[in-house]
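The structure appears below as structure tokens.
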Amino acid sequence: MGEEIAADLREHDGIESVHTYSDPGMADPLSSDDGRTGMVVAHIEGSEAEQTEISTELVEDLTGERSDGTEVPVGGSAPMIASNSQQVMKDLGLAEGIAVPITLVLLLVVFGSVVSAVLPLAVGAFAVFGAFFSTWIIAQLTDVSIFSINPITALGLGLAIDYFLLIVSRFREELGRRGLERSSP
Numbered sequence: 003m004g005e006e007i008a009a010d011l012r013e014h015d016g017i018e019s020v021h022t023y024s025d026p027g028m029a030d031p032l033s034s035d036d037g038r039t040g041m042v043v044a045h046i047e048g049s050e051a052e053q054t055e056i057s058t059e060l061v062e063d064l065t066g067e068r069s070d071g072t073e074v075p076v077g078g079s080a081p082m083i084a085s086n087s088q089q090v091m092k093d094l095g096l097a098e099g100i101a102v103p104i105t106l107v108l109l110l111v112v113f114g115s116v117v118s119a120v121l122p123l124a125v126g127a128f129a130v131f132g133a134f135f136s137t138w139i140i141a142q143l144t145d146v147s148i149f150s151i152n153p154i155t156a157l158g159l160g161l162a163i164d165y166f167l168l169i170v171s172r173f174r175e176e177l178g179r180r181g182l183e184r185s186s187p
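Sequential numbering from 3 applies to the sequence shown in the working numbering.
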């Protein structure tokens, strides 16, 4: 079974080398003591992004249980990075789906009008998309971690809301100082 997987790997573009438990001198490090379990090691060439893309394809093609009952798990840094990337995107979508509506309700209470509540979110969204675009440009030149997405969204929205809270509080203070009636900004 391991030889079939190794042959599939050797035919795949982007695989630099493949080693199996049946290769000369590899039985000890790549097979279990009872001989029922063995490893096939493939080295993927290319950048981190290319390795992640190739490993995602390989995971889809090779993992799972085969017709003869053999189970094929996949390990290594490239599949781990791909799995982490998928999980980060899923978690970010869930977090934003919960945080944005709650934030909007709180902004409505604090600012007192729909326009005043939506404006910080609009500015924050503009900042986040601008930061994503800048990160995309940087990613064309070098590797950028998938974990940069979380701080970008948190800081973009957080700083925009904080800035608007500062402006509104200063506006209300100035109105109070001048003895004018307070109205929604």
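Each residue gets a CB set at the ideal place from its N, CA and C atoms; glycine is no exception.
Can you tell me whether residue i is buried or exposed? The criterion is at least 16 other CB atoms within 10 Å of its CB, across all chains shown.
i: Pro26; result: exposed
i: Gln89; result: exposed
i: Gly48; result: exposed
i: Thr65; result: exposed
i: Phe113; result: buried
i: Ser34; result: exposed
i: Ile140; result: exposed
i: Gly158; result: buried
i: Leu11; result: buried
i: Phe131; result: exposed
i: Phe135; result: exposed
i: Ile100; result: exposed
i: Ala2; result: Past the edges of the chain, shown from 3 to 187, lies residue 2, and the structure says nothing about it.
Going by DSSP, what residues sit across from residue i in a beta bridge?
i: Val20; result: Ala44
Please name the residue in the options whose C-alpha comes closest to that of residue i.
i: Ala127; options: Tyr23, Gly160, Ser150, Ile104; result: Gly160
i: Ile151; options: Ser118, Ser34, Ala133, Arg179; result: Ala133
i: Ala156; options: Asp35, Ile140, Thr105; result: Thr105
i: Thr39; options: Pro75, Glu50, Met82; result: Pro75
i: Ala51; options: Val130, Leu109, Gln142; result: Gln142
i: Gly78; options: Ser57, Asp15, Ser171; result: Ser57
i: Ile83; options: Leu96, Gln53, Leu60; result: Gln53
i: Asp15; options: Glu59, Glu6, Leu96, Asp36; result: Glu59
i: Ser87; options: Ala97, Ser118, Glu98, Glu55; result: Glu55
Since residue i contacts residue j with CB under 8 angstroms, what's their CB separation in whole angstroms?
i: Thr137; j: Ile154; result: 7 angstroms
i: Val116; j: Leu110; result: 7 angstroms
i: Val196; j: Pro81; result: It is not possible to answer for residue 196, since the shown part of the chain is limited to 3 through 187.
So, does the CB of residue i fall closer than 7 angstroms to a CB anywhere in chain C?
i: Thr137; result: Here chain C cannot be found, since the structure has a single protein chain.
>> Count Cβ pairs between the stretch 33-44 and the stretch 13-23 that sit closer than 8 angstroms; are there 3 or more?
In response: The stretch 33-44 vs the stretch 13-23: in contact.
> Is it a yes or a no for the stretch 112-123 touching the stretch 162-172, going by three-plus beta-carbon pairs under 8 angstroms?
Replying inline: Short answer: they touch.
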